[in-house]
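Asks: Sharing a structure with you now.
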Amino acid sequence: MLDAQATQTTVLATPYWQEDGLVPALAAPPPPAAVDVLIVGGGYTGLSAAAETSAAGASTLVLEAGAVGAGCSGRNGGQVAYSIKPAFAALQALHGEARAVAIAREGLAAMEYLRTLASTGDLDCEWRGHGCYYGAHTPRHFTALAREAENQPRGLEQRVSIVARSQQRNEIDSDFYHGGLVYHDDASVNPMRMLVSLLKRAQERGALVLDHCRALSLVRERDGFSVSTSRGVVKARKVLLATNGYSGPLSPWHRRRVIPIGSYQIATEPLGAERVRQLIPQLRNIVDSRRVVVYYRPSPDGERIIFGGRAALAEHDPLACLPRLKSMLTQVFPQLAGARVTHAWAGWVAYTFDTLPHLGHDDGLYYCMGYCGQGVPLAPYFGRRIGQQMMGLAEGRTALDGLNFPSRPYYSGVPWFLAPSVLAYRTLDSLGF
Ligand SMILES: Cc1cc2nc3c(=O)[nH]c(=O)nc-3n(C[C@H](O)[C@H](O)[C@H](O)COP(=O)(O)OP(=O)(O)OC[C@H]3O[C@@H](n4cnc5c(N)ncnc54)[C@H](O)[C@@H]3O)c2cc1C
């Protein structure tokens with residue numbers, strides 16, 4: 006405890022990713038009186054949509070309430086994986102075989118889209134294609150994971166290897182896991198660098214992006230919307246809500262459909278590239294099979310460990326969560342007990358009641374959100390698609406179009422059920438289920 010307190014005094018409560026001066030200072034002209042497309046939210050979703058609408062010739066304004074990167078897109082773990090959350094069997098049971106396959110293919114396509122942007126130089130994001138080690142928390146989890154790897158749905162196979170516990174030291178310098186799986190096509194990025202690159206793309210195509218400009222209210226009019234902002238009123242023919250876990254009172258209908266959940270991260274001090282390679286020899290992302298997920302990775306320069314997870318039952322200040330996150334890190338790597346933590350931060354991801362992302366529109370009001378903590382590949386991909394849909398382009402169609410976007414009775418956007426749910430999941434994790 007004393008150690009944690011001593012550490013806290015020197016910790017920055019800002020994302021490690023914002024260290025190297027990446028957050029751009031945007032020009033601050035007054036907002037235009039009228040635009041074709043107004044996008045609320047300047048994260049991956051909003052900026053990817055803006056690139057499409059501008060390229061198609063629509064005057065496009067993006068409003069970001071904070072600085073660039075204030076939302077999740079400037080503060081995530083940068084892990085790129087297949088990110089459709091429901092298991093294939095669950096998708097199949099709910100949506101039928103053909104649609105389940107189509108939805109799962111969107112997840113694969115999202116990864117492929119990002120990989121292509123990165124490899125062609127269209128996205129500056131410090132892409133690291135090292136794959137991911139998915140560690141089994143219990144022997145029972147290992148058996149289930151191995152079975153899954155051997156029985157992947159036909160046509161949706163990912164490149165996966167099963168790693169027995171006896172071979173695990175090739176992946177991680179720890180006996181914490183009971184073996185696991187390697188997902189060879191997973192990757193990692195520098196999330197803030199990726200955001201800035203998407204920002205530049207949108208700007209180069211003609212979008213105007215204003216930071217520190219909040220959309221305060223939205224009123225439907227005969228031929229579009231009147232959007233009142235913290236810097237004046239803008240008329241827009243079409244509006245996109247790209248607010249994900251930061252969806253506030255602007256649209257109560259959408260707010261009732263996303264569950265904001267805090268996700269917490271820490272960065273260690275520079276440990277040295279050699280030491281990091283000792284800890285994670287293949288430099289892969291690591292995720293484990295617990296319900297209350299833990300995920301970590303080397304920093305892009307290979308010098309630090311960036312570690313994340315759900316640190317508390319209810320939401321807390323990231324600095325207050327530091328001791329728990331640090332102890333979760335040292336559970337896996339006791340050898341890091343003396344390592345200092347330099348940054349601790351948090352952001353709001355958006356879960357949905359069916360754990361699928363949702364995009365669609367109602368009479369000119371578009372939305373794209375609900376990536377359930379896995380928007381690094383999904384948000385640029387679906388953001389692009391919704392931008393294309395706004396322009397009436399056929400290539401914007403997705404397998405998620407037209408899905409019911411569920412809410413629940415007595416839910417208005419404040420997840421009162423979160424603490425008991427996390428407690429129940431944590432109990433199941435500790436019992437090894
Ligand atoms: C700690 C953490 C770790 C994560 N790690 C991973 C990971 O490793 N891999 C992965 O795939 N995903 C990860 N995620 C999730 C991922 O970052 C998000 O899914 C993704 O960034 C969502 O992008 P977005 O553009 O939809 O939303 P955001 O980037 O959150 O952007 C929404 C923006 O809307 C703005 N906004 C809201 N209301 C208004 C308003 N009224 N007016 C103007 N602006 C408004 C907000 O300020 C915010 O910037 C993580 C998230 C967190 C917080």
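Residue 438, in the working numbering, is where the sequence shown stops; the numbers in between run on with no holes.
The C-beta atom is built at its ideal place from N, Cα and C for all residues, glycine as well.
What's the gap between the Cα of Thr-273 and the Cα of Thr-335?
Replies: So the alpha carbons of these two residues sit roughly 12 Å apart.
Asks: Going by the beta-carbon positions, is the gap between Ser-202 and Pro-382 smaller than 8 Å?
Replies: Contact: no.
Asks: Would you list the residues sitting across from Glu-226 in a DSSP beta bridge?
Replies: Looking at the DSSP assignment, Glu-226 forms a beta bridge with Gly-229.
Asks: Do the stretch 140 to 156 and the stretch 179 to 195 meet, that is, are 3 or more Cβ pairs less than 8 Å apart?
Replies: Yes, the stretch 140 to 156 touches the stretch 179 to 195.
Asks: Here's a check: name, in chain order, each residue in its chain whose Cβ is nearer than 6 Å to the Cβ of Gly-401, leaving out the five neighbours to either side.
Replies: Around Gly-401: Arg-390, Gln-393, Gln-394.
Asks: On the CB-based measure, 16 or more other CB atoms within 10 Å of its CB, does Ser-141 come out buried or exposed?
Replies: Rather than Ser, the amino acid found at residue 141 in this sequence is Ala. So Ala-141 ends up on the buried side.
Asks: May I ask you to report which of helix, strand or coil DSSP gives Val-298?
Replies: Note: Val-298 maps to coil in three-state DSSP.
Asks: According to DSSP, is Phe-387 part of a helix, a strand, or is it coil?
Replies: Note: Phe-387 maps to helix in three-state DSSP.
Asks: Between which residues of its own chain and Phe-358 is the CB-CB distance below 8 Å, once the five residues before and five after are set aside?
Replies: Arg-262, Ile-264, Pro-411, Ser-412, Arg-413.
Asks: In the structure shown, what three-state DSSP assignment does Thr-248 receive?
Replies: Coil.
Asks: Measuring alpha carbon to alpha carbon, tell me which of Tyr-371, Arg-280, Gln-379 ends up nearest Gly-229.
Replies: Checking every option, the nearest Cα to that of Gly-229 belongs to Tyr-371.
Asks: If we ignore side chains and look at the alpha-carbon of each, how far apart do Arg-260 and Gly-418 end up?
Replies: Taking the straight line from one Cα to the other gives about 5 Å.
Asks: Which residues mark the beginning and the end of the alpha helix (DSSP H) in which Trp-258 is found?
Replies: 257 to 260 is the extent of the alpha helix (DSSP H) around Trp-258.
Asks: Flag this pair as yes or no: are the beta carbons of Val-40 and Ala-207 separated by less than 8 Å?
Replies: Against a cut-off of 8 Å, the Cβ pair of Ala-207 and Val-40 comes out as no contact.
Asks: Under 7 Å: does the beta carbon of Asn-249 sit that close to some heavy atom of ligand 1?
Replies: It does: the Cβ of Asn-249 is within 7 Å (strictly closer) of some heavy atom of ligand 1.
Asks: Just reading off the beta strand (DSSP E) that Gly-314 is part of, what are its end residues?
Replies: 310 to 314 is the span of the beta strand (DSSP E), which, as asked, contains Gly-314.
Asks: Identify whether Tyr-139 lies in helix, strand or coil by the three-state DSSP scheme.
Replies: Strand at Tyr-139.
Asks: Sorry if obvious, but does the Cβ on Gln-4 come closer than 7 Å to a heavy atom of ligand 1?
Replies: Lying outside 6 to 438, the shown extent of the chain, residue 4 is not represented and no answer is given.
Asks: For Asn-175, name the three-state secondary structure that DSSP assigns.
Replies: Helix at Asn-175.
Asks: Gly-136 and Arg-282 look like a contact to me (Cβ under 8 Å); what is the Cβ gap, rounded to whole Å?
Replies: No, Gly-136 and Arg-282 are not in contact; Cβ-Cβ is about 15 Å, not under 8 Å.
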